[in-house]
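The sequence shown begins at 1 in our numbering and counts up by one.
I have placed the structure first, in the form of structure tokens, so that the comments after it can refer back to it.
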Amino acid sequence: MLNILPWHQILFSNFVRGASRINLRVLSSSDKMPPKRKAKKDDGKTPAPEEGSVGDTAQEDKPSPSKKQKVDEEEKGKKGKGGKGKKAPPRKEDTIETLPEGTDTSFPTEVNPEAKTADGRKFTLKIASWNLNGIRAWYDKDKMSYIKESSPDILCVQETKCQEDQLPTGVLDKDYHIYWSPAEKAGYAGTGLYSKKKPIKVTYGLGIPKHDDEGRVITAEYEDFYMVNAYVPNSGKGLVRLKYRTEEWDCDFTDYLKKLDAKKPVIMCGDLNVSHTPVDLKNPTSNRNKTPGYTDKEREGFSKLLEEGFLDSFRVLYPNARDCWSFWTYMMNARAKNIGWRLDYFVISKRLQKDLCDSIIQQKVMGSDHCPIMLLMAGLK
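This is the structure:
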């Protein structure tokens, strides 16, 4: 026999159950519930620092974006701020050209002893350039082995960071005439030039006081050409020197080279602190207009220099070269991952193109955060 409850008891029972559910819902949204715990750094849920950012660096005159700048920003399509809080609009010249399948993108990292001009003349002049990032630290690591093994006719060095009376005695070499141009500020900038053949004349700076207290230019005159060793000012973290760099230095330096070129051909080399095109650095999109060395103004300044009758010797010979970096930050294991920038150049007068044999980026040579570059020329004295 079924036990049927009176209707009023059933109604009361349902009311009690409903009230219990209401109380549970109130409890579930209570402020007393424990907050969500943050993921631990080693639990696999927090992304590790991403590769490819040039990264912060205490080194002076180096590309230095913030630590928050991510390596794969461009690959993931993340939007960043460019210039004055606005994303820089895309430009045709910032697009990396897709090369046909099978295109040779290689470039030389070692000297070819048989390198010749287009008309078959073998090289007779070997010029090297290297940003040492401190000549005393470099000497401790290299002990002049590069000079002894490579034996360049001319070696131009930048960022020596040393007054002449503080140079290690070992950096002198009896086979070379040596010239130094230190910055007035200790431990900053500075250039040096080694030459087997004594130049006709050596001058320092641009002849403009506001530019010449940082030891950034040495010019050596030879019978057939001028050799200009340059360490171009960096625009600085936060681009604080961008206006000086692009509106003052670049203009005056270009004028200086033009005046020399009017007398005899020019070979200019050094750390020019600019990556001219998108294929001259690993991550162009995430660095554009945010990182010194890859702002539109700096790149346009270099373009204007080339328009005045000069050539980027490396790109003349290797227009399709890729991963052709000459600088890697010491941070984030960038060199081992080959995440770098091309900041070092040999720029030559157009009329010297016929004498150009090779332009080499010696990426295997260690001793600095830059590697040396080398130019091979024929027929010059």
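A virtual CB, placed ideally from N, CA and C, is assigned to each residue, including glycine.
Note that the structure is predicted; figures quoted are calculated from it, not measured.
Cβ-based burial, residue i [other Cβ within 10 Å; buried from 16]
i, result
"Asp261", "buried"
"Ala334", "buried"
"Leu272", "buried"
"Gln166", "exposed"
"Val240", "exposed"
"Lys282", "buried"
"Pro233", "buried"
"Cys324", "buried"
"Cys162", "buried"
"Lys259", "exposed"
"Cys156", "buried"
"Gly120", "exposed"
"Cys269", "buried"
"Thr329", "buried"
"Ala189", "buried"
"Thr103", "exposed"
"Asp369", "buried"
"Asn133", "buried"
"Pro278", "buried"
"Leu415", "The question about residue 415 has no answer here: the residues shown for the chain are numbered 1 through 381."
"Gly238", "exposed"
"Asp344", "buried"
"Gly340", "buried"
"Gly293", "buried"
"Gly170", "exposed"
Three-way DSSP call (helix, strand, coil) for residue i in this model
i, result
"Gln166", "helix"
"Phe327", "strand"
"Lys210", "helix"
"Ile135", "helix"
"Ser368", "coil"
"Asp119", "coil"
"Lys126", "strand"
"Met332", "helix"
"Ser106", "coil"
"Val171", "helix"
"Lys381", "coil"
"Leu343", "coil"
"Asp355", "helix"
"Tyr179", "strand"
"Lys197", "coil"
"Ser349", "strand"
"Ser66", "Interpretation of Ser66 is limited by its pLDDT of 43, a score under 50 that renders its predicted location unreliable; the figure taken from the coordinates is listed afterwards. Ser66: coil per DSSP, three-state reduction."
"Ile373", "strand"
"Ile147", "helix"
Own chain residues within Cβ distance below 6 angstroms of residue i, not counting five before or after
i, result
"Phe314", "Ser359"
"Gly367", "Trp138, Lys141 and Asp142"
"Asp280", "Arg342"
"Glu73", "Residue placement at Glu73 is flagged as unreliable, the pLDDT there being 41, under the threshold of 50; a coordinate-derived value is accordingly withheld."
"Asp213", "Glu184"
"Asp224", "Leu380 and Lys381"
"His276", "Arg299 and Phe302"
"Thr295", "Asn289"
"Leu242", "Ser235"
"Cys251", "none"
"Ile178", "Tyr194"
Own chain partners of residue i with C-beta closer than 7 angstroms, once the 5 adjacent residues on each side are dropped
i, result
"Lys126", "Pro152, Asp153, Met374 and Leu376"
"Pro372", "Ala128, Ser129, Trp130, Tyr146, Gln362 and Val365"
"Gly309", "Asp261, Ser349 and Lys350"
Whole-Å CB distance - residue i paired with residue j, under 8 angstroms assumed
i, j, result
"Thr117", "Ala378", "5 angstroms"
"Tyr256", "Leu206", "5 angstroms"
"Phe123", "Cys357", "4 angstroms"
"Leu311", "Gln353", "6 angstroms"
"Val202", "Ala230", "Rounded, the Cβ-Cβ distance is 14 angstroms, inconsistent with contact."
"Gly215", "Pro182", "5 angstroms"
"Thr160", "Ile135", "4 angstroms"
"Pro265", "Arg351", "6 angstroms"
Nonlocal neighbours in the same chain, by C-beta distance under 8 angstroms from residue i, ignoring five residues either side
i, result
"Tyr222", "Lys197, Pro199, Ile200, Leu380 and Lys381"
"Lys263", "Tyr226"
"Thr109", "Ile360, Ile361, Gln362, Gln363 and Lys364"
"Leu384", "Only positions 1 to 381 of the chain appear in the structure, and residue 384 is not among them; the question remains open."
"Asp355", "Thr117, Arg121, Met377, Ala378, Gly379 and Leu380"
"Lys210", "Glu248"
* Complete runs of the beta strand (DSSP E) confined to the stretch 286-323 [at least 3 residues] -> 310-312
* Let me know the beta strand (DSSP E) ranges lying completely inside the stretch 204-280, each 3 residues or longer, listed in chain order. => For secondary structure counted as the beta strand (DSSP E) over 3 or more consecutive residues, the stretch 204-280 holds these complete runs in sequence order: 217-221, 226-231 and 266-271.
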